[in-house]
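One structure is given here, and the rest of the page talks about it.
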Amino acid sequence: MQMLSRVEVMERMTAADFFRDAPEDRKAELIDGVMIMPSPPLVIHERLQGFLFRLLADFVEERELGEVFGSRTAVELELFYAPEPDIFFIQEERLHIVGEKGVLGAPDFIIEILSASTAQNDRGGKLRAYERTGVDEYWLIDPYGPAGSEFYHLHNGRFRPSPPGDAGILRSVAVPGFWIDLAWLWPSGEYPPVRRALNAILDTQF
Numbered sequence: 001m002q003m004l005s006r007v008e009v010m011e012r013m014t015a016a017d018f019f020r021d022a023p024e025d026r027k028a029e030l031i032d033g034v035m036i037m038p039s040p041p042l043v044i045h046e047r048l049q050g051f052l053f054r055l056l057a058d059f060v061e062e063r064e065l066g067e068v069f070g071s072r073t074a075v076e077l078e079l080f081y082a083p084e085p086d087i088f089f090i091q092e093e094r095l096h097i098v099g100e101k102g103v104l105g106a107p108d109f110i111i112e113i114l115s116a117s118t119a120q121n122d123r124g125g126k127l128r129a130y131e132r133t134g135v136d137e138y139w140l141i142d143p144y145g146p147a148g149s150e151f152y153h154l155h156n157g158r159f160r161p162s163p164p165g166d167a168g169i170l171r172s173v174a175v176p177g178f179w180i181d182l183a184w185l186w187p188s189g190e191y192p193p194v195r196r197a198l199n200a201i202l203d204t205q206f
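In terms of my numbering, the sequence shown is residues 1 to 206.
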């Protein structure tokens, strides 16, 4: 484990500093002691984030599994890491980690929608921090297509790939019963209605 000098620690922003000083009017993340404020997301990013958030949140509410949060809730993972994931889930029995200003501990499931300004961190420092702190499942979704998307689950303390099935069905490890058809993420036209997709999930048993 790398040891930090007192000077290095003092020069880096801590999670406590971040929760005190981060702006409330825009997205910001603490990545390895540096506060990062990404560019505003493109419409394609927001549409995909909105579809997935509604689908997962409605499923979790229907099954009374816990709570789903969006992209403006900070998560204190470590001394120098407090990201604001695009979407994340915390199971019911762990909701005590949710505080007034944010979440103190690792969520069970995180989804990041990749963009040009965030992809490097999503695949780099944030991925390693999520792995270290015990996030059970991590999906990185490229809004432009499946080639740049990655899906992981935690196994023996390390992220392992979670490939979709032959029919293009991706089943969640962290959210019991939840799955998506990858065709929903990259439709030729509009996204399917959330209620229709939700009913397909609820009516299917794997």
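For every residue, glycine included, the Cβ atom is placed at its ideal position computed from N, Cα and C.
For residue i, list the residues DSSP reports as bridge partners.
i, result
"H155", "R158"
"W184", "Beta-bridge pairing links W184 to no other residue."
"L140", "E112, E150"
"R171", "W179"
"E100", "DSSP, once it has assigned bridges, lists no residue as partnering E100."
"E62", "Looking at the DSSP assignment, E62 forms no beta bridge with any residue, so it has no partner."
"E29", "I36"
For the beta strand (DSSP E) that contains residue i, what are its first and last residues?
i, result
"V34", "34 to 36"
"D181", "179 to 181"
"G66", "66 to 69"
"I110", "109 to 113"
"F80", "First-last for F80: undefined, no H or E at that position."
"L202", "Careful: L202 lies outside any beta strand (DSSP E), inside the alpha helix (DSSP H) at 194 to 202."
"L95", "Counting along the chain, L95 falls outside any beta strand (DSSP E), and DSSP gives it neither H nor E."
Could you check if residue i is buried or exposed, using at least 16 other CB atoms within 10 Å of its CB as the buried criterion?
i, result
"G102", "buried"
"I120", "The question names Ile, but residue 120 in the sequence shown is Gln. By the neighbour-count rule (16 or more Cβ atoms within 10 Å), Q120 is not buried but exposed."
"G66", "buried"
"I44", "exposed"
"D122", "buried"
"P23", "exposed"
"E84", "buried"
Over what stretch of residues does the alpha helix (DSSP H) that includes residue i continue unbroken?
i, result
"G125", "125 to 132"
"A16", "15 to 21"
With a CB to CB cut of under 6 Å and the five nearest residues on each side skipped, what residues in its chain are close to residue i?
i, result
"V68", "L56, A57, V60, F89"
"A174", "D108, F109, D136, E137"
"P193", "none"
"L48", "I113, P143"
Taking 7 Å as the limit between beta carbons, can you name the residues of its chain near residue i, skipping five residues before and five after?
i, result
"I201", "F59, F178, W179"
"E46", "none"
"L52", "I87, I111"
"S149", "L140, I141, D142"
"D181", "G168, I169"
"R26", "M37"
With 9 Å as the threshold, decide whether the Cβ of residue i is near any Cβ in chain D.
i, result
"H155", "No chain D appears in the structure shown, which is made up of a single protein chain."
From residue i to residue j, what does the alpha carbon distance come to, in whole angstroms?
i, j, result
"R195", "R12", "45 Å"
"F18", "M37", "12 Å"
"A16", "L79", "8 Å"
"G125", "F159", "14 Å"
"S162", "L127", "15 Å"
"T73", "S115", "19 Å"
"G189", "Y144", "13 Å"
"R132", "N199", "35 Å"
"Y130", "E76", "11 Å"
Excluding the 5 residues flanking residue i on each side, which residues of the same chain have their C-beta closer than 8 Å to its C-beta?
i, result
"A183", "G168"
"E21", "The residue you asked about is not Glu; residue 21 is Asp in the sequence shown. Excluding residues within five positions, the ones whose Cβ falls inside 8 Å are M13, M35."
"R94", "G66, G105, D108"
Any heavy atom of the ligand GTP within a distance shorter than 8 Å of the CB on residue i?
i, result
"Y138", "No copy of the ligand GTP occurs in the structure displayed, which carries no ligand at all."
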